[in-house]
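Once you know that position 92 of the sequence shown is 92 in UniProt numbering, the rest is easy, because the numbers rise by one and skip nothing. Here the structure is laid out as structure tokens; the discussion comes afterwards.
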Amino acid sequence: MGYTHYWSYDRDFDRRALGLALLDAREIVKAVQARGISLRGGLGEGEPMVGEGICFNGNASREEDHETFLFPMSTVGEEESMEINGQPWDFCKTAEKPYDLAVCAVLLVLKHHLGSKLRVGSDGDSGDWQQAVDLVKKLFGYDIEFVREDTVFVNA
């Protein structure tokens, strides 16, 4: 299937916590772009969107795009198309392209703020996520690690 990150979440997550995560996501987008990684809108063009939700991709004109990172689907005008046991879930296949750093860092801050309401899985291991962990620690000082959750789907 390719190098992919997976997540599921409970619908009753704290919207205030999401707001804090979105503030962090804005800073991550800026920091990643300052490193020379080009982030674009969902189709690899335009600007990344961090508003009521998060939507970005790599730069299509440089062939650095792959699949759109989108969270949560319902707040950015998309219908939640995938559910398991009534829980929304999604994935983003990055093919380890440069924007993978932003995807991992955003998933880390979402996990930090949403806690057990969000479950994150990945084809990567802790070594693959280390650059994102370091970025989040540098930007926000969060004591965070990537722990792959083998059970992304509760009661599946």
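All residues carry an ideal CB built from backbone N, CA and C; glycine is no exception. Predicted model only: the values in this text are computed from it and were never measured.
Can you tell me whether L139 is helix, strand or coil according to DSSP?
Helix at L139.
Measuring alpha carbon to alpha carbon, tell me which of T94, F56 and A132 ends up nearest G141.
Nearest option by C-alpha distance: A132.
Drop a sphere of 10 angstroms on the beta-carbon of I28, count the other beta-carbons inside from all chains shown, and report buried for 16 or more, exposed for fewer.
Counting Cβ neighbours within 10 Å, I28 comes out buried, since at least 16 surround it.
Pull the bridge partners of L70 from the DSSP assignment, please.
BP columns for L70 point to C55.
Determine which residues share a DSSP beta bridge with residue 157 and list them.
The requested residue 157 does not occur in the structure, where the chain is confined to residues 1 to 156.
From which residue to which residue does the alpha helix (DSSP H) around V103 run?
Note, V103: alpha helix (DSSP H), D100 to L114.
Excluding five sequence neighbours on each side, which residues of the same chain lie with their C-beta closer than 6 Å to the C-beta of H112?
Excluding residues within five positions, the ones whose Cβ falls inside 6 Å are Y142 and I144.
What first and last residue would you give for the alpha helix (DSSP H) that runs through V29?
From DSSP, the alpha helix (DSSP H) with V29 extends over R15 to A34.
Give the secondary structure of V50 by DSSP, where H, G and I count as helix, E and B as strand, and everything else as coil.
Here V50 sits in strand by DSSP.
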